[in-house]
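Scroll down for the structure; my scribbles are underneath it.
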Amino acid sequence: MNSEPEKDPAAAPCACSGGESNAESPKKKTRREFMLALGFGLNAVAGAAVGIPILGYLFSSLVKPHQLDWVSLGPIDKFPEGTTRLAEFVNPVRRSWDGKTASIPCWVRRIQGEQFQVFAINCAHLGCPVRWFQESKLFLCPCHGGAYYEDGERAAGPPPRGLFTYQFKVKNGDLMILAGSLPTLAQPNI
Amino acid sequence: MKPAAQKIADLGLSVFNWVDDRLHVRKVWESTAGHHVPQSAGSWFYVFGSATLLCLMMQLVTGTLLALVYVPSADEAYATLEYLTYQQQLGWFLRALHYWGSDFMVGIMCLHMTQVFLWGAYKYPREITWISGLVLLVLTLGLAFTGQVMRFDEDAYWGLGIGAAIVGRVPFVGQQLVDFMLGGQIIGSETLSRFFALHVFVLPGSILAVVALHLRMVLTKGINEYPVPGMVVRRETYDKEYAAILKKEGVPFFPKAIDKDIIAAAFVIGGIVACACIFGPKGPSGPADPLHIDSSPRPDFWFLWIFAVAALMPEEIETFALLVGPVIIGIILVALPFVNGTGEKSWRRRPMAVIVVILVWVSLGMLTYLGATSPWSPVMDGWSSLPVGKEQIAGRSPLELQGAVTLQFKQCRNCHMVDGLGGERGPDLTDVGMRLTAPQLARQVVQGGGNMPAYGQNLSPAEVEALVAYMTTLVPEGVPPAQDFTLTKAAKQ
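This is how it looks when you write it as structure tokens:
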């Protein structure tokens with residue numbers, strides 16, 4: 001019962017409008033075209049109003065300048081001269097829900113006095129954590145076997161360069177490094 | 001008076017007719033499940049496509065169920081994973097189903113692709129079917145990769161680091177891409193959140209859309225007839241020939257050609273359930289704690305071959321191969337149905353196709369094996385954990401024994417094997433005295449070379465002397481030690 005009356009009115013205006021559009025005057029056609037163009041135009045504006053903020057949100061990391069900050073690795077007395085030791089710092093750029101990932105390790109080599117080298121934990125090959133071997137004075141990577149000398153220079157294996165280093169300074173007896181971003185080959189000056 | 005059963009049947013029919021009138025169920029069913037396929041396509045070799053789709057469905061169900069408990073936060077993900085594995089009732093089983101479902105999905109998809117290639121199904125007129133399949137391959141591997149990040153354990157953490165290191169090699173915009181991938185400057189909360197969004201929203205949504213296209217192509221251009229050697233595809237005649245095949249031996253997919261797919265489906269589900277029961281879920285390994293540096297991260301099974309490639313490739317071509325290699329492979333695969341869209345379909349008449357398939361599978365298999373055993377990785381605790389055999393020290397002089405101590409404590413065995421124990425990064429030293437003379441050994445130790453670090457700075461001259469003296473004694477019984485041929489010749493003259 002329901003479907004019958006629905007069909008007829010649906011069919012009729014269809015045929016009607018079809019006939020009408022065939023017999024349309026040029027003037028009326030122009031109005032239709034105008035309406036269509038207006039529709040597209042309005043939606044282009046609406047699309048931009050939604051789309052541009054979406055892109056801005058999604059690619060916000062591209063707009064924001066890299067934020068680095070000086071963080072302390074503790075008093076320099078923690079690092080005896082002539083040794084290489086593991087140190088850790090809390091990343092200066094962080095969220096409260098970062099959990100354990102906010103704490104980052106690094107290798108500190110105290111040559112003598114206030115002469116230091118602070119190496120990133122990440123292998124220059126593919127970022128795995130390198131380990132220091134005091135006896136053979138080498139850093140070894142567990143992933144693909146990259147090896148580095150105690151001064152961070154590449155010794156063997158697939159790394160294309162030596163270990164990444166952090167800028168450091170000694171302030172009030174504390175060893176400070178400039179940290180905040182994951183070291184990769186995209187940062188040639190570290 | 002009609003019997004009651006008849007009445008119920010009539011009522012059921014009229015309800016169905018009412019629904020059908022509105023949704024056209026019958027018509028949709030006939031044009032999809034009931035579409036005609038060549039009888040020859042009802043083959044055991046043709047079950048892999050539907051089996052992959054079945055895996056996808058299982059992943060959607062098990063994944064949704066895991067999301068009831070999982071929290072995508074860098075702070076809490078690991079705790080929820082442990083809860084899922086050890087406390088939530090049957091949580092371990094759902095995790096195992098999802099893990100093994102993913103392994104099965106990638107594996108069966110690779111079989112499907114191999115079959116399609118060998119049976120020439122990518123040829124005219126099924127180019128879009130092939131290309132949409134390639135997109136599905138990429139999306140599925142994307143799901144597998146982002147899935148291992150969800151585990152947010154130490155493998156996931158350092159795996160993200162590897163991803164960032166590869167992306168960071170892109171010239172000019174490397175840093176921007178790293179930041180975009182990580183959602184920040186370090187691997188942290190926003191990294192996990194965006195991989196979660198990819199894994200549960202973006203990639204599954206995309207995969208469903210492309211699956212729809214893939215299946216649509218199966219309906220419009222038909223399933224590939226079982227190729228017969230000598231039956232050659234020509235663009236001008238193929239459509240007519242295919243129509244003739246359908247006319248002659250076409251059967252509705254349901255119920256005449258689906259039998260083997262259904263049996264295969266039961267085996268696939270059975271296989272996933274069996275693996276889930278026997279092997280359980282993977283990990284989680286240690287928490288994603290960067291301070292836990294005693295970590296040897298490894299990717300999941302299907303990415304082990306890439307891990308191996310990264311270790312074995314010459315350094316000079318590595319960046320190029322990592323960044324441009326996938327693009328070249330992609331171009332070759334997309335171009336395939338256009339370059340090689342006609343001609344023989346049967347693999348019996350396509351020896352090159354067979355050779356390519358064997359080469360690819362053997363290479364991937366070997367690389368996966370190497371990735372799993374990773375002989376290039378130093379044995380990080382070799383120097384402190386490996387025993388020294390009696391025959392390695394028996395009858396040695398004090399100087400030579402001191403050399404044996406040096407060999408052990410200077411961590412030589414992290415990379416070098418002695419008597420079957422130690423690293424495989426460098427040559428086996430068990431018989432090294434047979435190959436190198438004392439001056440050659442000293443040169444190699446002090447200067448390094450051939451992928452060995454130079455130890456000149458790290459060993460005192462006395463240590464070098466002792467080490468070399470010891471290594472010259474590493475000669476099997478009854479074999480003379482190495483001799484410098486030039487010296488002995490000069491002495492004779």
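So the sequence lines, in the order shown, correspond to chains A and B.
Using the numbering used here, read the first sequence as starting at 1 and increasing by one per residue.
Using the numbering used here, read the second sequence as starting at 1 and increasing by one per residue.
Each residue gets a CB set at the ideal place from its N, CA and C atoms; glycine is no exception.
| If contact means a Cβ-Cβ distance below 9 Å, which residues of the stretch 107-121 of chain A contact chain B? | For the stretch 107-121 of chain A, which is checked against every Cβ of chain B, the residues closer than 9 Å are 121.
| request: Can you tell me which of the three DSSP states residue 380 of chain B falls into? | output: DSSP, reduced to helix, strand and coil, places residue 380 of chain B outside both helices and strands of the structure shown, so it counts as coil.
| request: Taking only beta carbons into account, state which residues of the stretch 427-453 of chain B come closer than 8 Å to chain A, listed in chain order. | output: For the stretch 427-453 of chain B, which is checked against every Cβ of chain A, the residues closer than 8 Å are 448, 451, 452, 453.
| message | Checking the sheet assignment: what are the DSSP bridge partners for residue 70 of chain A? | response | Answer is A:178.
| request: Note down, in chain order, each residue of its chain lying with its Cβ closer than 6 Å to the Cβ of residue 484 of chain B, except the 5 sequence neighbours on either side. | output: Shown here for residue 484 of chain B: same chain residues with a beta carbon closer than 6 Å to its own, the five before and five after excluded, namely 437 in chain order.
| alpha helix (DSSP H) containing residue 64 of chain B: first to last residue? | Residues 48-67.
| field | Cβ-based contacts, 9 Å cut-off: residues of the stretch 190-204 of chain B near chain A | value | Those residues of the stretch 190-204 of chain B that come within reach of chain A (Cβ to Cβ, closer than 9 Å) are 190, 191, 192.
| message | Against chain B, with Cβ distances strictly below 8 Å, would residue 72 of chain A count as a contact? | response | Taking Cβ atoms only, chain B never reaches closer than 8 Å to residue 72 of chain A, which makes this a no.
| said: Run through the DSSP bridge pairs and tell me what residue 104 of chain A is partnered with. | reply: As DSSP reads the structure, residue 104 of chain A sits in a beta bridge with A:89.
| message | Taking CB distances under 8 Å as the criterion, tell me whether residue 166 of chain A reaches chain B. | response | Not closer than 8 Å to any Cβ of chain B, the Cβ of residue 166 of chain A fails to qualify, so no.
| request: Could you give the DSSP three-state label for residue 372 of chain B: helix, strand or coil? | output: It is helical.
| request: Report the neighbours of residue 291 of chain B on chain A: residues whose CB is nearer than 7 Å to its CB, in chain order. | output: Think of a sphere of 7 Å around the beta carbon of residue 291 of chain B: the chain A residues whose beta carbon falls inside it are 88, 103, 105, in chain order.
| said: Between the alpha carbons of residue 114 of chain B and residue 124 of chain A, how many angstroms are there, rounded? | reply: For residue 114 of chain B and residue 124 of chain A, the distance between alpha carbons rounds to 37 Å.
| message | Which same chain residues end up closer than 8 Å to residue 17 of chain B when comparing Cβ atoms and leaving out the 5 residues on each side of it in sequence? | response | Sequence-distant Cβ neighbours of residue 17 of chain B in its own chain, meaning closer than 8 Å and more than five residues away, do not exist here.
| task | Give the secondary structure of residue 129 of chain A by DSSP, where H, G and I count as helix, E and B as strand, and everything else as coil. | result | For residue 129 of chain A, the three-state secondary structure derived from DSSP is strand.
| task | Evaluate residue 199 of chain A with the Cβ neighbour count: other Cβ atoms within 10 Å of its Cβ, from every protein chain shown; 16 or more gives buried, anything less gives exposed. | result | Nothing can be reported for residue 199 of chain A: it is not among the residues displayed for chain A, which extend from 1 to 190.
| query | Which residue from B:171, B:164, B:172 puts its Cα closest to that of residue 183 of chain B? | reply | The candidate whose alpha carbon is nearest that of residue 183 of chain B is B:164.
| request: List in chain order: all unbroken alpha helix (DSSP H) runs of 4+ residues lying wholly within the stretch 203-266 of chain B. | output: 203-221, 238-249, all fully within the stretch 203-266 of chain B.
| field | Nearest residue (CA-CA) to residue 49 of chain B, options B:25, B:356, B:76, B:133 | value | Considering only B:25, B:356, B:76, B:133, the residue with the shortest C-alpha distance to residue 49 of chain B is B:133.
| the stretch 355-362 of chain B / the stretch 290-300 of chain B touching (three or more Cβ pairs under 8 Å) | No, because fewer than three Cβ pairs between the stretch 355-362 of chain B and the stretch 290-300 of chain B fall closer than 8 Å, the two stretches do not touch.
| field | Alpha carbon of residue 47 of chain B to alpha carbon of residue 276 of chain B, nearest angstrom | value | Going by the C-alpha atoms only, they are around 22 Å apart.
| message | Rounded to whole angstroms, what is the Cα-Cα separation between residue 84 of chain A and residue 109 of chain A? | response | In a straight line, the C-alpha of residue 84 of chain A is about 4 Å away from that of residue 109 of chain A.
| query | In terms of DSSP beta bridges, what is residue 140 of chain A paired with? | reply | Among the bridge pairs identified by DSSP, residue 140 of chain A is matched with A:131, A:147.
| said: Please report whether the beta-carbon of residue 6 of chain A lies at a distance below 8 Å from any beta-carbon of chain B. | reply: Any reading at residue 6 of chain A is ruled out, since the residue's pLDDT is 46, under 50, leaving its predicted position unreliable.
| Distance between beta carbons of residue 167 of chain B and residue 181 of chain B, contact taken as under 8 Å | Your pair residue 181 of chain B and residue 167 of chain B checks out as a contact, with CB atoms roughly 5 Å apart and the cut at 8 Å.
| field | residue 30 of chain A versus residue 43 of chain A: straight-line alpha-carbon distance, rounded | value | Roughly 20 Å between the two C-alpha positions.
| request: Give a yes or no on whether 8 Å exceeds the smallest Cβ distance from residue 149 of chain A to chain B. | output: Closer than 8 Å to some Cβ of chain B, the Cβ of residue 149 of chain A qualifies, so yes.
| request: Using the DSSP secondary-structure output, state which residues sit across from residue 84 of chain A in a beta bridge. | output: Per DSSP, A:109.
| Residue burial classification, residue 348 of chain B (beta-carbon count within 10 angstroms, cutoff 16) | Counting the other Cβ atoms within 10 Å of the Cβ of residue 348 of chain B gives fewer than 16, which makes it exposed.
| query | Can residue 203 of chain B and residue 120 of chain B be called in contact, C-beta distance under 8 Å? | reply | No, the pair does not count as a contact, with Cβ atoms beyond the cut-off.
| message | Just to confirm before moving on: does the CB-CB distance between residue 225 of chain B and residue 238 of chain B stay below 8 Å? | response | Result no, Cβ atoms of residue 225 of chain B and residue 238 of chain B do not sit closer than 8 Å.
| Could you give the distance in angstroms between the alpha-carbon of residue 345 of chain B and the alpha-carbon of residue 427 of chain B? | When the Cα atoms are used, residue 345 of chain B and residue 427 of chain B turn out to be separated by approximately 48 Å.
| query | Which two residues bound the contiguous beta strand (DSSP E) that contains residue 118 of chain A? | reply | For residue 118 of chain A, the enclosing beta strand (DSSP E) covers residues 115-120.
| query | Whose C-beta lies closer than 6 Å to the C-beta of residue 130 of chain B among residues of the same chain, with five residues either side of it excluded? | reply | Only residues of its own chain outside the window of five on either side were considered, and among them 122, 337 have a CB closer than 6 Å to the CB of residue 130 of chain B, listed in chain order.
| said: Is the separation between the beta-carbon of residue 120 of chain A and that of residue 141 of chain A shorter than 8 Å? | reply: Not a contact, by the Cβ cut-off of 8 Å.
| For residue 95 of chain B and residue 54 of chain A, the rounded distance between their alpha carbons | Rounded to whole angstroms, the gap between the alpha carbons of residue 54 of chain A and residue 95 of chain B is 34 Å.
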